[in-house]
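First the structure, in the form of structure tokens, and then the observations on it.
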Amino acid sequence: MVGNFRKTPYRLQTVYTLTANLDDDDDDDDDDLFLVHLKKCYNFFGGHSASSCTIYLIEMVDFIKNVPPAQLKKMLNKQKKARRKAELEKAQAVAAQEKRDHKAKQTPANEENEFQAQDELVPEKLERVDNPLEQAVKFLKPLQQLAGSRIETHLMAFEIYFRKDKLLLMLQSIKRAFRIDPKNVELHSCLVRFALKLVTLKKQMEPATESPVLTVIEQQMEPILRGRSADQINKEFLAENSNSLPALFEAARMMYILDESKQEEAVKLTTSLEPHITDVDLQICTKIYTALRNNEFGSVEKLADDYKERCHKKFKYATIFTPAEEEDSESMKMSNENKYKFDGLAGRRSENFHECFQEMSVCN
Numbered sequence: 001m002v003g004n005f006r007k008t009p010y011r012l013q014t015v016y017t018l019t020a021n022l023d024d025d026d027d028d029d030d031d032d033l034f035l036v037h038l039k040k041c042y043n044f045f046g047g048h049s050a051s052s053c054t055i056y057l058i059e060m061v062d063f064i065k066n067v068p069p070a071q072l073k074k075m076l077n078k079q080k081k082a083r084r085k086a087e088l089e090k091a092q093a094v095a096a097q098e099k100r101d102h103k104a105k106q107t108p109a110n111e112e113n114e115f116q117a118q119d120e121l122v123p124e125k126l127e128r129v130d131n132p133l134e135q136a137v138k139f140l141k142p143l144q145q146l147a148g149s150r151i152e153t154h155l156m157a158f159e160i161y162f163r164k165d166k167l168l169l170m171l172q173s174i175k176r177a178f179r180i181d182p183k184n185v186e187l188h189s190c191l192v193r194f195a196l197k198l199v200t201l202k203k204q205m206e207p208a209t210e211s212p213v214l215t216v217i218e219q220q221m222e223p224i225l226r227g228r229s230a231d232q233i234n235k236e237f238l239a240e241n242s243n244s245l246p247a248l249f250e251a252a253r254m255m256y257i258l259d260e261s262k263q264e265e266a267v268k269l270t271t272s273l274e275p276h277i278t279d280v281d282l283q284i285c286t287k288i289y290t291a292l293r294n295n296e297f298g299s300v301e302k303l304a305d306d307y308k309e310r311c312h313k314k315f316k317y318a319t320i321f322t323p324a325e326e327e328d329s330e331s332m333k334m335s336n337e338n339k340y341k342f343d344g345l346a347g348r349r350s351e352n353f354h355e356c357f358q359e360m361s362v363c364n
């Protein structure tokens with residue numbers, strides 16, 4: 001039995017504690033540990049015999065005489081550290097629980113319901129948020145980090161910051177986009193609008209005052225603008241891209257923004273479908289037609305209808321360009337076809353039922 005005791009680490013630690021206490025009676029922590037281990041030893045034997053504990057401890061003294069004192073002290077220190085760590089963790093857990101309970105008592109029921117309502121994903125609320133630009137920035141940040149090499153990221157960033165009126169962030173977006181593709185047609189509209197905004201801000205300022213922000217922006221934009229005005233930039237771009245429909249569309253938009261009196265010329269440019277015009281596809285034609293309908297060139301309903309008719313001849317199966325009368329006739333045709341299909345199906349079912357009824361009559 002004693003041999004089994006000697007192989008058990010728990011019992012060995014008990015004797016270590018006893019021996020350390022015999023060597024150092026002034027250490028109160030060691031005395032406490034000794035009492036704890038002695039109590040555990042007593043409980044191990046069922047609490048029926050104090051002599052069992054005494055026999056156990058005496059038998060183990062001979063075994064621990066061969067253990068160096070330094071090792072005994074090391075193990076004792078390890079025990080004390082483990083006990084203090086356990087007590088600290090327990091105290092922290094109790095404090096955290098008390099904090100949670102206190103917070104739960106202070107939180108009213110209506111606030112809890114409000115928090116739950118915010119977590120619900122309601123499509124209508126997500127579609128019509130109170131701060132759309134702030135929500136757009138939340139989507140923009142990951143794109144800037146993960147898709148910074150795509151010019152679409154920086155073009156979208158400019159559109160957001162242009163609406164938020166953030167000059168330095170607009171400058172950042174333009175420089176990044178220009179570094180990727182300086183000939184991009186959508187970047188052209190960003191350059192023109194930004195140059196126009198700088199001119200407008202200068203006019204609003206007093207002659208004697210200087211804005212450090214505008215000074216920095218002008219210095220940074222000099223390699224891109226090269227001293228040109230917004231109107232000059234647009235004219236040069238139009239001359240260089242006179243045969244590309246996407247470029248004509250952006251140039252026409254900027255022409256109308258710079259001078260609304262040129263509405264007719266701008267609409268004529270963007271709605272041209274001449275044979276020499278390149279890059280004519282359904283996507284850009286849809287974009288132009290949507291811009292006309294949204295009054296981006298002013299009120300041009302008749303011109304929009306005329307453009308829709310010409311696009312319908314070019315893209316016969318595009319529903320966006322289908323005339324209203326054809327839409328009505330097509331819907332009637334589809335409803336009639338569905339009616340014929342239903343009637344035919346009903347007729348076949350009637351015939352099958354009649355045949356089955358005759359067979360049942362013969363069998364009877």
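Numbering (the UniProt record's numbering), first residue to last: 1 to 364.
No residue lacks a Cβ here, since even glycine has one placed at the ideal position from N, Cα and C.
All of these numbers come straight from a predicted model, not from anything done at the bench.
Round the Cβ separation of residue i and residue j to the nearest angstrom and send it over; I've been treating them as touching at under 8 Å.
| i | j | result |
| --- | --- | --- |
| L258 | D231 | 6 Å |
| M255 | A266 | 4 Å |
| I160 | D181 | Rounded, the Cβ-Cβ distance is 19 Å, inconsistent with contact. |
| S229 | T278 | That pair is no contact at about 28 Å. |
Looking only at its own chain, which residues have a Cβ that is under 7 Å from the Cβ of residue i, when we skip the five neighbours before and after it?
| i | result |
| --- | --- |
| Q135 | V129 |
| L155 | A177, E186, L187 and C190 |
| A304 | Y289, L292 and R293 |
| R310 | L273 |
| N77 | none |
| L133 | I160, R163 and K164 |
| K268 | none |
| M205 | S211 |
Apart from the five residues on each side of it in sequence, which residues of its chain come closer than 6 Å, Cβ to Cβ, to residue i?
| i | result |
| --- | --- |
| residue 366 | Since the first and last residues shown for the chain are 1 and 364, residue 366 lies out of range. |
| L143 | T153 |
| Q358 | Note on Q358: pLDDT 48, under 50, position unreliable in the model; the coordinate value appears next. For Q358, where only same-chain residues beyond five positions count, there are no Cβ hits under 6 Å. |
| F249 | T270 and I288 |
| E98 | none |
Tell me whether the beta-carbon of residue i lies closer than 7 Å to the beta-carbon of residue j.
| i | j | result |
| --- | --- | --- |
| Q263 | G227 | no |
| T270 | I320 | no |
| N241 | V192 | no |
| L140 | A157 | yes |
| A318 | L282 | yes |
Report the option in the options whose CA atom is closest to the CA atom of residue i.
| i | options | result |
| --- | --- | --- |
| Q219 | L171, A318, S261 and V280 | L171 |
| N295 | Q145, M205, E89 and R253 | R253 |
| K164 | H312, V137, Q106 and E89 | V137 |
| P275 | K302, K314 and E301 | K314 |
| I224 | I174, Q92 and L201 | I174 |
| F194 | V216, K183, F162 and P123 | F162 |
| I284 | K302, Y307 and K85 | Y307 |
Among the residues of its own chain, which have a CB less than 8 Å from the CB of residue i, if the five just before and after it don't count?
| i | result |
| --- | --- |
| Y340 | Reliability of the predicted coordinates at Y340 is poor, the pLDDT of 49 falling under 50, and the value obtained from them is presented with this limitation in mind. There are no such residues. |
| D343 | Per-residue confidence for D343 stands at a pLDDT of 49, beneath the threshold of 50, marking its modelled position as unreliable; the derived number appears in the next sentence. No residues qualify anywhere along the chain. |
| Q106 | none |
| V280 | L245, L273 and K314 |
| K202 | L214 |
Touch test, the stretch 209-225 against the stretch 136-151, Cβ-Cβ under 8 Å, three pairs minimum: The stretch 209-225 vs the stretch 136-151: no contact.
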